[in-house]
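*Asks:* If you scroll down you'll find the structure; I have some questions about it.
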Amino acid sequence: MTAASGAFPSDAGSRTRARERSQPKKGGRQRLRDGAGAGSRAAAELERTWTDKPGVISFLSANGHKTIGLRFIVTALCFFGAAGVMGGLMRHQLATANSHLVGPDFYNQLFTMHGTTMMFLFAVPVMQGFALYLVPLMIGTRNTAFPRMTACAYWLYVIGGLLLFGAFLSNTGPDAGWFAYVPLAGPQYGIGKRVDVWNMLVTYSEATGLMVAVDITTTILKLRAPGMTLRHMPLFLWASLVTSVMIIFAMPMVMLAANLVQFDRMLGTHFFNPAEGGDALLWQHLFWFFGHPEVYFIFIPALGFISAVIPTFARRPMFGHDAIVLSLIATGFLSFGLWVHHMFATNVPELGKSFFTAMSFMIAIPTALQLFCWIATIASGRLVMKTPLLFVLGFFFILLIGGLTGIMLGSVPLDLQVHDTYFVVAHLHYVLIGGAVFPLFAAIFYWFPKVTGRVLSDRLGKWQFWLFFIGVNLTFFPLHILGLAGMPRRIYTYAPETGWGFLSFLSAAGQVINDLSMLLFAFNVARSLFKGERAPADPWGGGTLEWSVSSPPPACNFFALPVVSSREPLWTPPGNVTHVSGLSAEIREGLTTTVIDALPDTRYAYPAPEIWPFVASLAVTAWLVWSIWSVRGFAWGLILPAIAFFAWYWPDKKESIEEISWETEP
Amino acid sequence: MNGIHDIRLPAGPQAAALFDLWTLMLITCTGVFVAIIVVLAVAVWRAPRATAKTLPDADAHPRKETMLKRSVGFAVATSAVLLFVLLFASFIADRAIATLPLDDAVHIDLIGHQFWWEARYDPSDPARSFATANEMHVPVGRPVLMTLRADDVIHSFWVPSLAGKKDLIPGRTSTIAFRADRAGIYRGQCAEFCGYQHAHMALIVVADAPADYERWLVVQRQPAREPSTAQERRGRDLVERASCAMCHTISGTAARGRRAPDLSHVGSRSSLAAGTLENTAASRAHWIADPQSYKPGVDMPPLAAAPADLVAISAYLGALQ
Chain Y
1415 MTAASGAFPS DAGSRTRARE RSQPKKGGRQ RLRDGAGAGS RAAAELERTW
1465 TDKPGVISFL SANGHKTIGL RFIVTALCFF GAAGVMGGLM RHQLATANSH
1515 LVGPDFYNQL FTMHGTTMMF LFAVPVMQGF ALYLVPLMIG TRNTAFPRMT
1565 ACAYWLYVIG GLLLFGAFLS NTGPDAGWFA YVPLAGPQYG IGKRVDVWNM
1615 LVTYSEATGL MVAVDITTTI LKLRAPGMTL RHMPLFLWAS LVTSVMIIFA
1665 MPMVMLAANL VQFDRMLGTH FFNPAEGGDA LLWQHLFWFF GHPEVYFIFI
1715 PALGFISAVI PTFARRPMFG HDAIVLSLIA TGFLSFGLWV HHMFATNVPE
1765 LGKSFFTAMS FMIAIPTALQ LFCWIATIAS GRLVMKTPLL FVLGFFFILL
1815 IGGLTGIMLG SVPLDLQVHD TYFVVAHLHY VLIGGAVFPL FAAIFYWFPK
1865 VTGRVLSDRL GKWQFWLFFI GVNLTFFPLH ILGLAGMPRR IYTYAPETGW
1915 GFLSFLSAAG QVINDLSMLL FAFNVARSLF KGERAPADPW GGGTLEWSVS
1965 SPPPACNFFA LPVVSSREPL WTPPGNVTHV SGLSAEIREG LTTTVIDALP
2015 DTRYAYPAPE IWPFVASLAV TAWLVWSIWS VRGFAWGLIL PAIAFFAWYW
2065 PDKKESIEEI SWETEP
Chain G
4 MNGIHDIRLP AGPQAAALFD LWTLMLITCT GVFVAIIVVL AVAVWRAPRA
54 TAKTLPDADA HPRKETMLKR SVGFAVATSA VLLFVLLFAS FIADRAIATL
104 PLDDAVHIDL IGHQFWWEAR YDPSDPARSF ATANEMHVPV GRPVLMTLRA
154 DDVIHSFWVP SLAGKKDLIP GRTSTIAFRA DRAGIYRGQC AEFCGYQHAH
204 MALIVVADAP ADYERWLVVQ RQPAREPSTA QERRGRDLVE RASCAMCHTI
254 SGTAARGRRA PDLSHVGSRS SLAAGTLENT AASRAHWIAD PQSYKPGVDM
304 PPLAAAPADL VAISAYLGAL Q
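Protein sequences, first through last, are from chains Y and G.
The numbering used here puts the first residue of the first sequence at 1415, with every later residue one more than the last.
The numbering used here puts the first residue of the second sequence at 4, with every later residue one more than the last.
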């Protein structure tokens, strides 16, 4: 009946449980196994195995991908709100000339915090949160590959974010910009502890991003359902995979660079000090080599959302699936060759400028190809005009403007005029709001029923959409014109004679509309959580595996792991084999498959929840905070994480014996 | 503080080439935007409506798919061609900017400070060299070749009506050339975030007719004017005795500091503190008494002096034409 029962003989009576040490050993008894025909006792046991126990320790130990993913999403949305308030404050400061709402010191902290929070604490984590939640459901498995590492990543992320905000509220917020250019962020001009806080936060959030990226890459490559070959992988998974691989390449760069600045500040090295043979420009290369791909870590997952929403709401498979996959991969590669276009004003050699202009133009082609494929899908489909599709249509409008101004900015001579003006501010908000926030709302409306079991109100959603659409255009379109009128970025005030007052005022008014739209969204979520319409397993008629399980999904995701034979398994007739059976219902067990063909490979025991990831994150925090305030802390503090990680990985004799027995008697 | 400060009002060949490129980009991109949005709108308008219960169209219709393939292929090819045209236009504009003839160029060293600009004319000829701050004069029709350096952090030189920007980076020297073809006052502002008072770091470029420019040069090369009234004399004594002289230079006096703007001809400038205040007798006195309230974070300390002394200093500085 199943593919896997052949590969894995069902008799394993002598097999012992590995990590559920609370239960006595039941040697010799017939083990409970999962599978389509396994019966209700196995299903109940499976559910019990995967459910976290109540209690604080259990809360801190949880490592299920749904729990961690949801925590990432909710935390990131809170940071989104906080950073939005900061953005609003800045717009209101600039709404009139010579305004005294905030002074230069606070304004510099505001824009640094706004950028840092949006990039490091909102955009990347929220996308990774969605990937953590959805990837195992879409590939038909029960957890991600390294759940403890991901749990640790979450705690690092939330503690790091809270530390940053704590510093900000105690007037130690970083104030050298989210790009922290040296020498302004160096030891001589970045006085106080503000930049140190920023360096530490960056190290934190990049460590988080890296850990989650490693987890998602491994999960997608090794834990897909049997039959989900690379050709049958949905586009959302491709987007997550490309993003994660990019993160693995780019994040270490900025961690290294932030640490070099920290060495300059803390230990008196001279990496960036021109007076001692260092180079101030080196920082910009290191930062933007990460910083440009960073935009695509945010944008590519959003393309994955779009590619998941459109087929469902156009009632047809995506047109040009293969072309879109190749575009995603091409975008991932090309995004590493553009970083110098952030630095055209720094005296780049002529030939180099031409190269980076050509690269910047080239990356428009894969994006255009995807855009045309989506339009073709919509044109040949039958449309369900619900909120998610509306946000996708809004995405087209806003992203297109952002993309086209991006082409203008890619051209060296034109960039030399508009670089570091409000034109760039307008461009980047069109790209990031159009390219990430609109798709994000589409994704929230689309998957909210799956996560919570309730449907968000469509009527409120449409109101929210129109308010946001109008608000974003009113806030950010005038900024293009301000840039042409010579308004530089990052100024806390301006004189009335400059004539920048009227458009800045319009922009502040737009921001109020955005705020209303966000409040409406918060209300919709709160209301729907309690009063929303109950969601069936597949409220939208979607075709991918997450819609095959109940809403919200059971703790174990699948009572029997699915076997797939097409890209939209729910839209096509099933093959001969539909499910895997024979995995243990008593321990957290999964199935690994081969990377390309997704043939069953080995059984895989997921680690059970443990407190150590949380303890390790506290230890790392103690080390990093100590090292901000004292050089000695940098050395001695390392002992703390060392202890925590030793304790985490210390081999357990009983566990080892049991694992060996598994290997000998599977 | 007034002055033309707009990419769309070019006053020199380079800014003009950039504005032409901008116009071409704007027209092309608007065309592309409208075309795509119209196609999308028609597609959404014409597509039949469905509900979540509508059975998905899982099988491809070969004829329809072929047509879609052709349309998408055509759209991608068109995009690539347009991108190529824009790329070519960009290279041509870049070339036009880089090939400004530099015979007979005016040489100026521009040094960026937190938060003001120091301009040194004829830097290689000590006999003719002089310095001014935050307000430069250039002759109409003659190229200007500027050497850019930074004293502390990164700044960026940008006068939108004359040329694109270029960064001033500590430890590096770069150059930028431009030409003003029309007399006028052109405003510029630091374009790279440089700290607390990045917002108040304007640079005024006054493009004079050649004869006016020569007259200005002659005045600037002279030492500071001697005070002519008793009040001005008192002002000069105060400046020499107070902390002013530690940082500022007034040629021909005991004030020889190099940390702050050269004040030898400060009375001839239109603004104070890099475009923060209009240069009037009252604003000079206010500024000297309490710079931090106008430009918080600036290096200049307040001067604790009696109002009459402030008026005298202001009168003296105002007379330094």
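The beta carbon of each residue, even a glycine, is placed where N, CA and C say it ideally should be.
In chain order, what residues of the region 130–154 of chain G put their CB closer than 7 angstroms to some CB of chain Y?
*Replies:* Correct list: empty, as no residue qualifies.
*Asks:* Please report whether the beta-carbon of Arg-1431 (chain Y) lies at a distance below 8 angstroms from any beta-carbon of chain G.
*Replies:* Mapped onto the first sequence, residue 1431 (chain Y) falls at position 17. Confidence at Arg-1431 (chain Y) is low in this model, with a pLDDT of 37, below 50, so its placement is unreliable and no value can be given for it.
*Asks:* Would you grab the beta carbon distance between Pro-1497 (chain Y) and Phe-1719 (chain Y) for me? Rounded to a whole angstrom, and I think it's under 8 angstroms.
*Replies:* Stepping through the first sequence from its first residue, residue 1497 (chain Y) is reached at position 83. Stepping through the first sequence from its first residue, residue 1719 (chain Y) is reached at position 305. The sequence given here places Ala at residue 1497 (chain Y); Pro does not occur at that position. Contact doesn't hold; Cβ gap of about 20 angstroms is too wide.
*Asks:* At the 8 angstroms Cβ level, is Met-1799 (chain Y) part of the contact set with chain G, yes or no?
*Replies:* As a working note, residue 1799 (chain Y) is residue 385 in the first sequence. By this cut-off, Met-1799 (chain Y) is an interface position.
*Asks:* Compare the Cα-Cα distances from Cys-197 (chain G) to each of G:Gln-225, G:Tyr-216, G:Asp-240 and G:Trp-120 and report the closest residue.
*Replies:* Reading the second sequence from its first residue, position 194 is the one you call residue 197 (chain G). Of the listed residues, the one whose Cα sits closest to Cys-197 (chain G) is G:Trp-120.
*Asks:* Note down, in chain order, every chain G residue with its Cβ under 7 angstroms from the Cβ of Gln-1831 (chain Y).
*Replies:* Here residue 1831 (chain Y) is taken as the residue at index 417 of the first sequence, counted from 1. Here the neighbours are Ile-10, Leu-21, Pro-163 and Gly-167.
*Asks:* DSSP has Met-149 (chain G) in a bridge; who is on the other side?
*Replies:* Taking the second sequence and counting its residues from 1, one reaches residue 149 (chain G) at position 146. According to DSSP, which records beta bridges pairwise, Met-149 (chain G) is partnered with G:Ile-111 and G:Ile-179.
*Asks:* Rounded C-beta distance between Ala-1476 (chain Y) and Ala-1565 (chain Y)? I'm assuming under 8 angstroms.
*Replies:* Residue mapping note: residue 1476 (chain Y) aligns to position 62 of the first sequence, counting from 1. Residue mapping note: residue 1565 (chain Y) aligns to position 151 of the first sequence, counting from 1. With a Cβ gap of about 7 angstroms, Ala-1476 (chain Y) and Ala-1565 (chain Y) count as contacting.
*Asks:* Let me know if His-1514 (chain Y) comes out buried or exposed under the rule of 16 or more other beta-carbons within 10 Å of its beta-carbon.
*Replies:* Taking the first sequence and counting its residues from 1, the one referred to as residue 1514 (chain Y) is at position 100. When all chains shown are included, His-1514 (chain Y) counts as exposed.
*Asks:* In whole angstroms, what is the alpha-carbon distance linking Phe-1750 (chain Y) and Ala-245 (chain G)?
*Replies:* The residue given as residue 1750 (chain Y) occupies position 336 in the first sequence. The residue given as residue 245 (chain G) occupies position 242 in the second sequence. The alpha-carbon atoms of Phe-1750 (chain Y) and Ala-245 (chain G) are separated by roughly 56 angstroms.
*Asks:* Do Ile-1487 (chain Y) and Thr-1558 (chain Y) have their CB atoms nearer than 8 angstroms?
*Replies:* Counting from 1 along the first sequence, the entry for residue 1487 (chain Y) is found at position 73. Counting from 1 along the first sequence, the entry for residue 1558 (chain Y) is found at position 144. No, Cβ-Cβ distance for Ile-1487 (chain Y) and Thr-1558 (chain Y) is not below 8 angstroms.
*Asks:* Using a Cβ cut-off of 9 angstroms, pull out every chain G residue sitting near Ile-1884 (chain Y), in sequence order please.
*Replies:* The residue you call residue 1884 (chain Y) lines up with position 470 of the first sequence. Ordered by position in chain G, no residue passes the 9 angstroms Cβ test against Ile-1884 (chain Y), which lies about 16 angstroms from the chain.
*Asks:* Could you check which residue in G:Gln-234, G:Val-269, G:Asp-293 and G:Asp-60 has the C-alpha nearest to that of Ala-318 (chain G)?
*Replies:* Counting from one through the second sequence, the residue named residue 318 (chain G) turns up at place 315. The shortest C-alpha separation from Ala-318 (chain G) is found at G:Gln-234.
*Asks:* Taking the beta carbon of Trp-161 (chain G) as the centre, do at least 16 other beta carbons fall within 10 Å, making it buried, or is it exposed?
*Replies:* Against the second sequence, residue 161 (chain G) aligns to sequence position 158. Classification of Trp-161 (chain G): buried, given that the 10 Å Cβ count is 16 or more.
*Asks:* Write down the C-beta distance between Ser-286 (chain G) and Ser-267 (chain G) rounded to the nearest angstrom, noting that I regard them as a contact closer than 8 angstroms.
*Replies:* Taking the second sequence and counting its residues from 1, one reaches residue 286 (chain G) at position 283. Taking the second sequence and counting its residues from 1, one reaches residue 267 (chain G) at position 264. Not a contact, Cβ separation roughly 20 angstroms.
*Asks:* Comparing C-alpha positions only, which one of Y:Ile-1482, Y:Thr-1465, Y:Met-1667 and Y:Val-1611 sits nearest to Thr-1586 (chain Y)?
*Replies:* Start at 1 with the first residue of the first sequence, and residue 1586 (chain Y) comes out as number 172. When each option's Cα is compared against that of Thr-1586 (chain Y), the closest is Y:Val-1611.
*Asks:* Taking the beta carbon of Ala-1418 (chain Y) as the centre, do at least 16 other beta carbons fall within 10 Å, making it buried, or is it exposed?
*Replies:* Locating residue 1418 (chain Y) in the first sequence gives position 4, where the first residue counts as 1. Confidence in Ala-1418 (chain Y) is poor, its pLDDT being 40 and thus under 50, which makes the residue's placement unreliable; the coordinate value appears in the next sentence. Answer is buried; the Cβ neighbour count reaches 16.
*Asks:* Between Arg-175 (chain G) and chain Y, is the shortest Cβ-Cβ distance under 8 angstroms, so that the two count as touching?
*Replies:* For this step, residue 175 (chain G) is matched to residue 172 along the second sequence. It does: the Cβ of Arg-175 (chain G) has a partner Cβ on chain Y nearer than 8 angstroms.
*Asks:* Given a threshold of 16 other Cβ atoms within 10 Å of its Cβ, counted over all protein chains shown, does Val-141 (chain G) qualify as buried or as exposed?
*Replies:* Counting from 1 along the second sequence, the entry for residue 141 (chain G) is found at position 138. Its Cβ being crowded by 16 or more others within 10 Å, Val-141 (chain G) is buried.
*Asks:* Residues in the same chain with beta-carbon distance under 7 angstroms from Ile-327 (chain G), minus the five sequence neighbours each way, listed in chain order, please.
*Replies:* Beyond the ends of chain G as shown, which are 4 and 324, falls residue 327 (chain G); an answer cannot be given.
*Asks:* Would Pro-1518 (chain Y) and Gln-200 (chain G) be called neighbours here (beta carbons separated by less than 8 angstroms)?
*Replies:* Taking the first residue of the first sequence as position 1, residue 1518 (chain Y) is located at position 104. Taking the first residue of the second sequence as position 1, residue 200 (chain G) is located at position 197. Taking 8 angstroms as the Cβ cut-off, Pro-1518 (chain Y) and Gln-200 (chain G) qualify as a contacting pair.
*Asks:* Keeping to the same chain, check which residues put their C-beta closer than 7 angstroms to that of Trp-2064 (chain Y); ignore five residues upstream and five downstream.
*Replies:* Taking the first residue of the first sequence as position 1, residue 2064 (chain Y) is located at position 650. None.
*Asks:* Hey, could you find the ends of the alpha helix (DSSP H) Asp-1589 (chain Y) is sitting in?
*Replies:* Translated into positions along the first sequence, residue 1589 (chain Y) becomes position 175. No alpha helix (DSSP H) holds Asp-1589 (chain Y); DSSP gives it neither H nor E.
*Asks:* Assuming Thr-1819 (chain Y) is part of the alpha helix (DSSP H), what are its boundary residues?
*Replies:* For this step, residue 1819 (chain Y) is matched to residue 405 along the first sequence. Taken as a continuous stretch (DSSP letters only), the alpha helix (DSSP H) holding Thr-1819 (chain Y) covers 1801–1824.
*Asks:* Using only CA atoms, which one of G:Arg-73, G:Ala-50 and G:Gly-167 lies nearest to Ala-101 (chain G)?
*Replies:* Walking along the second sequence from the start, residue 101 (chain G) turns up at place 98. Per the Cα distances, G:Gly-167.
*Asks:* Which residue or residues does DSSP assign as beta-bridge partners of Ile-207 (chain G)?
*Replies:* Stepping through the second sequence from its first residue, residue 207 (chain G) is reached at position 204. In the DSSP output, where bridge partners are listed per residue, Ile-207 (chain G) has G:Glu-138 and G:Arg-190.
*Asks:* Any beta carbon of chain G sitting closer than 8 angstroms to that of Asp-1834 (chain Y)?
*Replies:* Locating residue 1834 (chain Y) in the first sequence gives position 420, where the first residue counts as 1. Asp-1834 (chain Y) counts as touching chain G.
*Asks:* Given a threshold of 16 other Cβ atoms within 10 Å of its Cβ, counted over all protein chains shown, does Arg-1873 (chain Y) qualify as buried or as exposed?
*Replies:* As a working note, residue 1873 (chain Y) is residue 459 in the first sequence. Arg-1873 (chain Y) should be labelled exposed.
*Asks:* Could you tell me the alpha carbon to alpha carbon distance between Phe-22 (chain G) and Pro-1966 (chain Y), rounded to whole angstroms?
*Replies:* Sequence index remark: in the second sequence, residue 22 (chain G) carries index 19 (1-based). Sequence index remark: in the first sequence, residue 1966 (chain Y) carries index 552 (1-based). Rounded to the nearest angstrom, the two C-alpha atoms are 56 angstroms apart.
*Asks:* With 16 as the cutoff for other CB atoms within 10 Å, does Glu-1960 (chain Y) come out buried or exposed?
*Replies:* Against the first sequence, residue 1960 (chain Y) aligns to sequence position 546. Buried is the call here.
*Asks:* CB Val-1838 (chain Y) to CB Val-1832 (chain Y), shorter than 8 angstroms?
*Replies:* Here residue 1838 (chain Y) refers to the residue found at position 424 of the first sequence. Here residue 1832 (chain Y) refers to the residue found at position 418 of the first sequence. Yes, Cβ-Cβ distance for Val-1838 (chain Y) and Val-1832 (chain Y) is below 8 angstroms.
*Asks:* Which of helix, strand or coil does DSSP assign to Lys-1876 (chain Y)?
*Replies:* Against the first sequence, residue 1876 (chain Y) aligns to sequence position 462. Of the three classes helix, strand and coil, the one that applies to Lys-1876 (chain Y) here is helix, per DSSP.
*Asks:* Could you check whether the Cβ of Thr-1760 (chain Y) sits closer than 8 angstroms to any Cβ belonging to chain G?
*Replies:* Numbered from 1 along the first sequence, position 346 holds the residue referred to as residue 1760 (chain Y). It does; some Cβ of chain G falls within 8 angstroms.
*Asks:* Output, in chain order, the set of chain Y residues within a Cβ distance shorter than 7 angstroms of Val-75 (chain G).
*Replies:* As a working note, residue 75 (chain G) is residue 72 in the second sequence. Chain Y residues near Val-75 (chain G): Gly-1734, Phe-1786, Cys-1787 and Ala-1790.
*Asks:* Determine, for Arg-1562 (chain Y), whether the minimum Cβ-Cβ distance to residues of chain G falls below 8 angstroms.
*Replies:* Working through the first sequence from its first residue, we reach residue 1562 (chain Y) at position 148. Arg-1562 (chain Y) does not count as touching chain G.
*Asks:* Taking only three categories from DSSP, how would you classify Pro-1597 (chain Y)?
*Replies:* Your numbering for residue 1597 (chain Y) matches position 183 in the first sequence. Note: Pro-1597 (chain Y) maps to coil in three-state DSSP.
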